[in-house]
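Going by my numbering, the letters in the sequence shown line up with residues 1198 to 1455, in that order.
Step one of this worksheet: look at the structure below.
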Amino acid sequence: MKLLRVVKLVAGYKNTIVLREVSLEVDEGEKVVIIGPSGSGKSTLLKCIVRLVEPISGKIFFKNIEVTSKNTDIKKIRQKTGFVFQNYNLFPHMTVLQNILLPLRVVKKMSREEALEKAESVLEKVGMLEYRDKYPLQLSGGQQQRVAIARALAMDPELMLLDEPTSALDPELVEEVLDILRKVAKQGITLLIVTHELDFAEDVADKIIFMENGKIIEEGPPHEILYNPCKQRTRIFLKRILKKRINSLSHNYNSSAK
Ligand SMILES: Nc1ncnc2c1ncn2[C@@H]1O[C@H](COP(=O)(O)OP(=O)(O)OP(=O)(O)O)[C@@H](O)[C@H]1O
Ligand SMILES: [Mg+2]
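And the structure:
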């Protein structure tokens, strides 16, 4: 079954159109990675799915529910969707445990005991149980992001949307977060992830979508998109990412050699 269907979505901000008739489908359990240059509309697309940005035209369906219909209670859709942003978004004045308990108590209306059990189990899953009483600022960026992932998982979402979950992290912290996401992927949860970690995308994705200028330029399985893309635009973009990667590697190498 299709978990998500986006049909000819047009969206933007005030006077600018960002998404120009984007259509895509995600099967239940499918892992989809979105890549594309800055400003191409990747974040806007994810935000439209939970109506943090209101589309101008086109439709979005979550299972058989039309997300874009005025009659749909968007809160219900958001409850089934875990959203992880680039900058973790944990509440700074709450401990790790409180950050996870809050939505379980408020949104899922769980009892204290039930919420506690759930929170502990997801913290265990991301290897953060021993940090339960720390505040976000006492954690590394990678640890904070693992807590943000745990918080999303705690809601038992049917769909997880992740927007560049590792792009704010120092290089040495990226892998620990990707490892957690690999584990999450194995559990069969449907994932839609914006990331430029191409090794990760190759491992995990069933499908990679390349977006540019508000449009899907091409999509396909990783081996096709990463190694043999049809479109020149995709090739140019991938080359640029690889070049950046090599430059930063040699920079790190040179500075550590000094
Ligand atoms: N809140 C906003 N108000 C006005 N314009 C916005 C807003 N958010 C994004 N935009 C514009 O919409 C376009 C697409 O932005 P979006 O964040 O979706 O791109 P992106 O592909 O996620 O880029 P990046 O890789 O840099 O995160 C950009 O030109 C951006 O300037
Ligand atoms: Mg973005």
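For every residue, glycine included, the Cβ atom is placed at its ideal position computed from N, Cα and C.
Asked: Outcome for LYS1228 when other beta-carbon atoms lying within 10 angstroms are tallied against a minimum of 16; Found: buried
Asked: CB-CB length for ALA1351 against VAL1319, believed under 8 Å; Found: 5 Å
Asked: The stretch 1235–1253 contacting the stretch 1213–1225, beta-carbon criterion three pairs below 8 Å; Found: yes
Asked: Residue environment, HIS1448, which counts as buried when at least 16 other CB atoms sit within 10 Å; Found: exposed
Asked: Straight-line gap, GLU1409 to GLY1238 (C-alpha atoms, nearest Å); Found: 8 Å
Asked: Beta carbon of PRO1354 nearer than 8 Å to that of THR1265; Found: no
Asked: Alpha-carbon to alpha-carbon, LEU1313 and LEU1221; Found: 37 Å
Asked: beta-carbon ASP1400 near ligand 2 non-hydrogen atom, thresh 7 Å; Found: no
Asked: Per-residue burial, ILE1390 [other beta carbons within 10 Å of its own, 16 or more giving buried]; Found: buried
Asked: Same chain, Cβ closer than 7 Å to LYS1399, neighbours up to 5 away in sequence not counted; Found: Checking the sequence shown, residue 1399 turns out to be Glu, not Lys. Only PRO1419 and LEU1423 meet the Cβ criterion.
Asked: Residues near ligand 2, criterion Cβ-heavy atom distance below 7 Å; Found: LYS1239, SER1240, ASP1360, GLU1361 and VAL1391
Asked: Completely contained alpha helix (DSSP H) runs for the stretch 1381–1448, where each covers 4 or more residues; Found: 1395–1401 and 1419–1424
Asked: Closer than 7 Å: GLY1233 CB and nearest ligand 1 heavy atom; Found: yes
Asked: Per-residue DSSP class, three states only, for ILE1262; Found: strand
Asked: For PHE1434, the nearest candidate out of PRO1234, PRO1368, LEU1201 and THR1363 (CA to CA); Found: PRO1234
Asked: THR1213 beta carbon near ligand 1 (any heavy atom closer than 7 Å); Found: yes
Asked: Terminal residues of the beta strand (DSSP E) in which ILE1232 lies; Found: 1228–1232
Asked: Local Cβ density within 10 Å of PHE1407, reported as buried at 16 or more and exposed below that; Found: buried
Asked: From THR1431, VAL1207 and LYS1412, residue whose alpha carbon lies closest to that of GLU1421; Found: THR1431
Asked: N- and C-terminal bounds of the beta strand (DSSP E) containing LYS1272; Found: Segment 1271–1276 is the alpha helix (DSSP H) holding LYS1272; no beta strand (DSSP E) there.
Asked: Between the CA atoms of VAL1230 and GLU1402 - distance to the nearest angstrom; Found: According to the sequence displayed, residue 1402 carries Ala and not Glu. Taking the straight line joining both Cα atoms gives about 6 Å.
Asked: Contact the stretch 1322–1333 vs the stretch 1289–1297: 3+ CB pairs below 8 Å; Found: yes
Asked: When LYS1205, GLU1394 and LEU1299 are compared against LEU1378, the one with the closest alpha-carbon; Found: GLU1394
Asked: Residues that DSSP places opposite ALA1208 in a beta bridge; Found: LEU1216
Asked: Rounded C-alpha distance that separates ILE1232 from ARG1437; Found: 12 Å
Asked: The stretch 1368–1383 / the stretch 1335–1345 touching (three or more Cβ pairs under 8 Å); Found: yes
Asked: For LYS1260 and SER1445, the rounded distance between their alpha carbons; Found: 42 Å
Asked: GLN1276 versus GLY1417, ALA1349 and VAL1204, residue with shortest Cα-Cα distance; Found: ALA1349
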